[in-house]
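**Q** Take this structure first; my questions come after.
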Amino acid sequence: MTTPLTLTAVRRPDGTAGLTVSGEIDMSNAGSLAEALDGGSGPLVLDLTAVEYLDSAGLSVLFAHADRLEIIVPPLLEPVLTVSGLAGLATVHGPGTDDGPGSAAHTTAPSDPPGEE
233 MTTPLTLTAV
243 RRPDGTAGLT
253 VSGEIDMSNA
263 GSLAEALDGG
273 SGPLVLDLTA
283 VEYLDSAGLS
293 VLFAHADRLE
303 IIVPPLLEPV
313 LTVSGLAGLA
323 TVHGPGTDDG
333 PGSAAHTTAP
343 SDPPGEE
């Protein structure tokens with residue numbers, strides 16, 4: 233049995249737009265997530281801590297917006313974002329590590345190869 237997708241727009245205390253997502257993100261509802269992400273511009277904090285499942289359709293939507301996302305993920309999803317390469321394109325961190333959008337402490341972009349600094 234699937235858990236319905238719930239999308240809740242929020243405004244963080246620092247004024248940054250946010251979107252809290254819960255349930256399962258799959259090909260049946262990835263379009264709803266895409267519409268929510270398409271509806272704004274600028275930095276967005278995407279809270280996926282209540283997401284129980286994320287398939288390739290959901291990942292595709294996240295990739296399309298990676299340059300503006302700070303993604304908060306539960307331990308279950310962190311390896312998915314890392315292996316897919318999304319963690320190298322967006323700021324990804326676990327809950328409770330809130331230093332604000334673009335924080336260098338939580339940016340997981342790959343480092344330069346040795347000798348190319």
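Plus 232 on top of the position in the sequence shown (first one is 1) and you've got the numbering used here. From the three backbone atoms N, C-alpha and C, an ideal C-beta is built for every residue, glycine too.
1. To the nearest angstrom, how far is the alpha carbon of A249 from that of I257?
2. Alpha carbon to alpha carbon, how far is L251 from P275? Give it in angstroms, no decimals.
3. Measure the beta-carbon distance from S254 to A298 and round it to whole angstroms, keeping in mind my assumption that it falls under 8 Å.
4. From R244, D279 and T235, pick the residue whose C-alpha is nearest to that of G326; which is it?
5. Within this structure, are the beta carbons of H303 and A289 separated by less than 7 Å?
**A** In terms of the structure at hand:
1. Rounded to whole angstroms, A249 to I257 spans 20 Å at the Cα level.
2. Cα-Cα distance, rounded: 11 Å.
3. With 8 Å as the limit, S254 and A298 do not qualify as a contact, their Cβ atoms being about 21 Å apart.
4. Answer by Cα proximity: D279.
5. Residue 303 is actually Ile in this sequence, not His. For I303 and A289, no; Cβs fall outside 7 Å.
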